[in-house]
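J.:
Number of protein chains: 2
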Amino acid sequence: MTEVVPIRGVLSPVVTPFDANLQADAQRLIAHCRWLLANDVGLAVFGTNSEANSLSVAEKRGLLDDLADAGLPPSRMMPGSGCCSITDSVELTTHAVKLGCAGVLMLPPFYYKGVCDEGLYRYFAEVIERVGDQRLRIYLYHIPPVAQVRISLNLIERLLTAYPGIIAGVKDSSGDWDNTRAMLEQFQSATFDVFPGSETFLLAGLRHGGAGCISATANVNPGPIARLASTWESVDADDQQAALNAVRAVFQAYVMIPALKAAIAHYGSDPAWRALRPPLVELGRAECEELMRGLEAIGFVMAGLPGCDGMTMCKQPL
Amino acid sequence: MTEVVPIRGVLSPVVTPFDANLQADAQRLIAHCRWLLANDVGLAVFGTNSEANSLSVAEKRGLLDDLADAGLPPSRMMPGSGCCSITDSVELTTHAVKLGCAGVLMLPPFYYKGVCDEGLYRYFAEVIERVGDQRLRIYLYHIPPVAQVRISLNLIERLLTAYPGIIAGVKDSSGDWDNTRAMLEQFQSATFDVFPGSETFLLAGLRHGGAGCISATANVNPGPIARLASTWESVDADDQQAALNAVRAVFQAYVMIPALKAAIAHYGSDPAWRALRPPLVELGRAECEELMRGLEAIGFVMAGLPGCDGMTMCKQPL
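If you read the protein sequences in the order shown, they are chains V and W. Numbering-wise (the numbering used here), the first sequence opens with residue 1 and increments by one. Numbering-wise (the numbering used here), the second sequence opens with residue 1001 and increments by one.
Given below as structure tokens:
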């Protein structure tokens, strides 16, 4: 196998900012990515929380180029590249590999429901064969509440056997610890990493040999999540986990993506961040105020968040 | 409103043939479309049964050009153009309108689940505004078993109020007659057509003022389905419906798309037709034989189906 340094620790499915015409805003995205990197959080751009499937393949290719052109390190990137069609997935994955991305996070094709593992195996195998690059590292993306199509343990086993090294890990966003634990016990190795899909399972995952986590709320709480990942053997680890859970719980009371964007808009004094592409809808004013009160009540801060003037953090009253 | 003759009667979500490299096979597609048109069945290319979401936007644009270049009438086409991203949907819809297609069949964005009608309304409104063409005719595509995201009666009402004429109809693939009847009673008009998503409800729909149907099995049984649509007031209409149901029942015992392709491959003596893009998988040999026995048992034929030699119909033993 070609040597590729595995990407580990905490990653964020980076939220995608849009301008007033609902075009992706590369400058705000770059600034947010820099802030995440400064907090030791890697860039799982084009994840579910990035509204990746609300972007065309051409838009995602362009944004990836923008990030690389801005000097952000591809070694810290794991872009989502799984689309419903093999041709789209191959195009985006090939582009990510050529840019030197550490890996790609790949959804199963998610339009047809009730498809069999044989069909999913053929899908991933076809993508791997067509990309045809030994630098390819695929992290399978299991998120049944949204994709509805599952990445089963049997499918992982079969793909790992056929493509060891290239099948480099899995993100488990099932929210089911028993499933994450089974993945850890069966597959975690030097060349296969299991990432829980939420920091809720960060400590438990690390204690079972896991690689870190890929979590929506790493968009807003990156520093503390990354600190637990790097100090999980310290005596205060359980307290750290409890503090992370408290922040997560506040966000989880709302639709996640609009809530993340509302917080970034508020703490960065940059209302443009609230914009979402349909079918997602921003939080209403009352919800927004309630969210901010909930965050203030637990002393939440977003230290160093780039604000509307470029680089200062400010926290304004609503 | 710009004058566009509404497309009515029976349409088929035309199955997409693939070559040995899983590239779409334009020549076989054109031949199949000609056979459907000769049987008075319109072309809902890029539907669910067309594996539309297994094709990139560029592939669909190219195939639409191929059909038009072959002289097939756009006035008999209702291509599927609804993608997860607004940008993709706008690109494909704009292309269809420019070619003069009678309308487009539009899925809601189907990645995010549990989205609200406000978000779906904004999605369709944004597509309509961006396409910005008075010739646009959108047929909303309600297929909750697959898309999981619903087109509610309230959403139809709101869109119809905002965009009368442009919102031109709905395909109801819920399989729930009560829902289809509610759509017919509330919305069927001279400028809004309700198409049941299966010929199972063809006669019932027509008796309630419906426009016809858009059905997977019109790929294999076009003549008899179209005959009922044009003679539904005749005395043998219920007998015709029963005969259609018998054919449908045989196919419905299998995964529909591979079963349709297996039948076309068999009756046209053209095994290439069996190919599917992953994650779909062709029927196994035993299933295939069982399907053909089931069809022979009810005297099923595919008269005039273009075979592997171009234009003759032949029915070989397996």
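Beta carbons: idealized from backbone N, C-alpha and C, even for Gly. Computed from a predicted model, the values in this text were never measured in an experiment.
Could you tell me the distance, in whole angstroms, from the CA atom of E1199 (chain W) to the CA atom of R137 (chain V)?
T.: On the second sequence, residue 1199 (chain W) is found 199 positions in, with the first residue counted as 1. On the first sequence, residue 137 (chain V) is found 137 positions in, with the first residue counted as 1. Counting only the Cα atoms, R137 (chain V) lies some 46 Å from E1199 (chain W).
J.: So, does the CB of K315 (chain V) fall closer than 7 Å to a CB anywhere in chain W?
T.: Taking the first sequence and counting its residues from 1, one reaches residue 315 (chain V) at position 315. Per-residue confidence for K315 (chain V) stands at a pLDDT of 40, beneath the threshold of 50, marking its modelled position as unreliable; the derived number appears in the next sentence. Not an interface residue.
J.: Give every residue of the same chain whose Cβ lies closer than 6 Å to the Cβ of P109 (chain V), excluding the five residues on either side of it in the sequence, and list them in chain order.
T.: Residue mapping note: residue 109 (chain V) aligns to position 109 of the first sequence, counting from 1. Closer than 6 Å at the Cβ level, and outside the excluded window around P109 (chain V), lie C84, Y123.
J.: Taking 7 Å as the CB-CB cut-off, is Y1141 (chain W) touching chain V?
T.: Mapped onto the second sequence, residue 1141 (chain W) falls at position 141. It does not: the Cβ of Y1141 (chain W) has no partner Cβ on chain V nearer than 7 Å.
J.: Counting only the same chain and skipping the five closest in sequence on each side, list residues whose C-beta sits under 7 Å from that of Q1090 (chain W).
T.: Within the second sequence, the letter at position 90 stands for residue 1090 (chain W). Reading off the sequence, residue 1090 (chain W) comes out as Val, not Gln. For V1090 (chain W), where only same-chain residues beyond five positions count, the Cβ hits under 7 Å are V1127, R1130, V1131.
J.: Determine, using beta-carbon pairs with one atom in the region 38 to 53 of chain V and one in the region 246 to 253 of chain V, whether at least three such pairs fall under 8 Å.
T.: no
J.: Can you look up P145 (chain V) in the DSSP assignment and give me helix, strand or coil?
T.: Within the first sequence, the letter at position 145 stands for residue 145 (chain V). Helix at P145 (chain V).
J.: Consult DSSP for F192 (chain V) and reduce its assignment to one of helix, strand or coil.
T.: Reading the first sequence from its first residue, position 192 is the one you call residue 192 (chain V). DSSP, read as helix, strand or coil, puts F192 (chain V) in strand.
J.: So, at 7 Å on beta carbons, what are the nonlocal neighbours of Y121 (chain V) in its own chain, with the 5 sequence-adjacent residues on each side left out?
T.: Translated into the one-based positions of the first sequence, residue 121 (chain V) becomes position 121. The residues L155, R158, L159, in chain order, have a CB closer than 7 Å to that of Y121 (chain V) in the same chain once the five nearest residues on each side in sequence are set aside.
J.: Whose C-beta lies closer than 6 Å to the C-beta of R150 (chain V) among residues of the same chain, with five residues either side of it excluded?
T.: Working through the first sequence from its first residue, we reach residue 150 (chain V) at position 150. If the five residues before and after R150 (chain V) are omitted, its C-beta is found closer than 6 Å to the C-beta atoms of P144, all from its own chain and listed in chain order.
J.: Under 9 Å Cβ-Cβ, which residues of chain W neighbour S230 (chain V)?
T.: If you number the first sequence from 1, residue 230 (chain V) lands on position 230. Those within 9 Å of S230 (chain V) in chain W number zero; the least Cβ separation is about 33 Å.
J.: Using the C-alpha atoms, what's the distance from Q240 (chain V) back to P222 (chain V)?
T.: Counted from its first residue, the first sequence places residue 222 (chain V) at position 222. Counted from its first residue, the first sequence places residue 240 (chain V) at position 240. For P222 (chain V) and Q240 (chain V), the distance between alpha carbons rounds to 13 Å.
J.: Consult DSSP for L1105 (chain W) and reduce its assignment to one of helix, strand or coil.
T.: In the second sequence, the residue the question calls residue 1105 (chain W) occupies position 105. L1105 (chain W): strand per DSSP, three-state reduction.
J.: For D178 (chain V), which residues of its own chain have a beta-carbon under 8 Å away from its beta-carbon, when the five flanking residues on both sides are left out?
T.: Taking the first residue of the first sequence as position 1, residue 178 (chain V) is located at position 178. Nothing listed; no residue qualifies.
J.: Consult DSSP for L305 (chain V) and reduce its assignment to one of helix, strand or coil.
T.: Taking the first sequence and counting its residues from 1, one reaches residue 305 (chain V) at position 305. In this structure, L305 (chain V) counts as coil in the three-state DSSP scheme.
J.: Which residues in chain V have a C-beta closer than 7 Å to the C-beta of S1085 (chain W)? List them in chain order.
T.: As a working note, residue 1085 (chain W) is residue 85 in the second sequence. Within 7 Å Cβ-Cβ: N53, S54, L55, S56.
J.: Check whether chain W comes within 7 Å of V281 (chain V), counting only Cβ atoms and requiring the distance to be less than that.
T.: To locate residue 281 (chain V), count along the first sequence from 1; it is residue 281. Taking CB atoms only, V281 (chain V) has a neighbour in chain W less than 7 Å away.
J.: Let me check understanding here. Comparing Cα to Cα, which of W:G1009, W:R1135, W:Y1111 lies closest to N1053 (chain W)?
T.: By one-based count along the second sequence, residue 1053 (chain W) stands at place 53. Ranking the options by Cα distance to N1053 (chain W), first place goes to W:Y1111.
J.: Since I believe L64 (chain V) is in contact with L37 (chain V) (beta carbons under 8 Å), could you give me their beta-carbon distance rounded to a whole number of angstroms?
T.: Position 37 of the first sequence, counted from the start, is the residue given in the question as residue 37 (chain V). Position 64 of the first sequence, counted from the start, is the residue given in the question as residue 64 (chain V). Taking 8 Å as the upper bound for CB-CB distance, L37 (chain V) and L64 (chain V) are not in contact here, some 15 Å apart.
J.: Determine the extent of the beta strand (DSSP E) in which C1213 (chain W) is found, giving its start and end residues.
T.: In the second sequence, the residue the question calls residue 1213 (chain W) occupies position 213. That run of the beta strand (DSSP E) goes 1212 to 1214.
J.: May I ask you to check if the CB of A1275 (chain W) is nearer than 6 Å to at least one heavy atom of the ligand SAM?
T.: Annotation note on the ligand SAM: not contained in the displayed structure, which lists no ligands.
J.: Tell me whether the beta-carbon of Y141 (chain V) lies closer than 7 Å to the beta-carbon of L107 (chain V).
T.: By one-based count along the first sequence, residue 141 (chain V) stands at place 141. By one-based count along the first sequence, residue 107 (chain V) stands at place 107. Contact flag set, yes.
J.: Does the count of Cβ pairs from the region 224 to 235 of chain V and the region 267 to 275 of chain V closer than 8 Å reach three?
T.: In short, these stretches do not touch, since the Cβ pair count stays below three.
J.: I'd like the list of long-range same chain contacts for T1002 (chain W), defined as Cβ closer than 8 Å, with 5 residues on each side in sequence excluded.
T.: For the purposes of this step, residue 1002 (chain W) is taken as residue 2 along the second sequence, with counting starting at 1. Excluding sequence neighbours, T1002 (chain W) sits near Q1134, R1135.
J.: Using CA coordinates, which residue listed in V:L67, V:V255, V:G268 is at the minimum distance from H95 (chain V)?
T.: Stepping through the first sequence from its first residue, residue 95 (chain V) is reached at position 95. That would be V:L67, whose Cα lies nearest to the Cα of H95 (chain V).
J.: For L1260 (chain W), decide whether its Cβ has a neighbour in chain V, counting only Cβ atoms nearer than 7 Å.
T.: On the second sequence, position 260 is the one that residue 1260 (chain W) refers to. Closer than 7 Å: no.
J.: Does the region 1209 to 1217 of chain W come into contact with the region 1004 to 1011 of chain W, if we say contact requires no fewer than three beta-carbon pairs (one atom in each stretch) closer than 8 Å?
T.: yes
J.: Taking Q1148 (chain W) as the query, report the chain V residues whose CB atoms sit under 8 Å from its CB, ordered along the chain.
T.: For the purposes of this step, residue 1148 (chain W) is identified with residue 148 of the second sequence, where counting begins at 1. The contacting residues are K113, Q148.
J.: Within 7 Å of any Cβ in chain W, is that where the Cβ of L11 (chain V) sits?
T.: If you number the first sequence from 1, residue 11 (chain V) lands on position 11. So, not an interface residue.
J.: For V1057 (chain W), which residues of its own chain have a beta-carbon under 6 Å away from its beta-carbon, when the five flanking residues on both sides are left out?
T.: The count along the second sequence starts at 1 and reaches residue 1057 (chain W) at position 57. The beta carbon of V1057 (chain W) sits closer than 6 Å to those of D1088, E1091, L1092, all from its chain and outside the five residues before and after it, given in chain order.
J.: Under 6 Å Cβ to Cβ from C1288 (chain W), same chain only, skipping five residues before and after it: list those, please.
T.: Here residue 1288 (chain W) is taken as the residue at index 288 of the second sequence, counted from 1. Once the five neighbours on either side are set aside, the close Cβ partners of C1288 (chain W) are A1262.
J.: Hey, is L318 (chain V)'s beta-carbon within less than 7 Å of any beta-carbon in chain W?
T.: Your numbering for residue 318 (chain V) matches position 318 in the first sequence. Reliability fails at L318 (chain V), whose pLDDT of 35 lies under 50, so the model's placement of it is uncertain and the value that follows must be treated cautiously. No Cβ of chain W is located within less than 7 Å of the beta carbon of L318 (chain V).
J.: Please go through the same chain and pick out, in chain order, the residues whose beta-carbon is closer than 8 Å to the beta-carbon of P1224 (chain W), but skip the five residues on each side of it.
T.: What you label residue 1224 (chain W) is simply residue 224 of the second sequence in a count that begins at 1. Contacts found: Q1240, A1243, L1244, V1247.
J.: Who are the near neighbours of A182 (chain V) in its chain, counting only those whose CB is closer than 8 Å to its CB and skipping five residues on each side?
T.: In the first sequence, counting from the first residue as 1, residue 182 (chain V) sits at position 182. Around A182 (chain V): L153.
J.: Counting beta carbon pairs with one atom in the region 1255 to 1270 of chain W and one in the region 1282 to 1298 of chain W, are three or more of them shorter than 8 Å?
T.: yes
J.: Is F1201 (chain W) closer than 7 Å to T1180 (chain W) when the C-beta atoms are compared?
T.: As a first step, residue 1180 (chain W) is located in the second sequence; it is residue number 180 there, counting from the start. As a first step, residue 1201 (chain W) is located in the second sequence; it is residue number 201 there, counting from the start. Taking 7 Å as the Cβ cut-off, T1180 (chain W) and F1201 (chain W) qualify as a contacting pair.
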